[in-house]
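Report on the following structure.
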Amino acid sequence: MDDTTETPKSDAPGNADKPVDEWTTGGEAMTGAQASYLKTLCEEAGEEFDPDMTKGDASKRIDELQGKTGRGT
């Protein structure tokens, strides 16, 4: 008897695949993890850290600074 269950597959993109501008929570304050990582990236890039960014803006800034600091994936 096979006790495994399959996870239903969806054609909808996961949160990581969705453009930042389409995030439903993109206008909320950035998360603690975003703030911590963004602060580190800003220090490495010699740029100012803005603690009042939204989740969406922080994500875009992280992407930008990852490229600048060579931390991009």
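Heads up: the sequence shown begins at 1 in full-length UniProt numbering, then just goes up one per residue. Note that CB positions come from ideal geometry on N, CA and C, so glycine has one too.
- Considering only D57, G56, R61 and Q34, the residue with the shortest C-alpha distance to E47 is R61.
- In the DSSP assignment, T31 is bridged to no other residue.
- Here the C-alpha atom of T69 lies approximately 16 angstroms from the C-alpha atom of S36.
- Counting of Cβ neighbours within 10 angstroms places A58 among the buried residues, the total reaching 16 or more.
- The three-state reading of DSSP puts T25 in coil, since its state is none of H, G, I, E or B.
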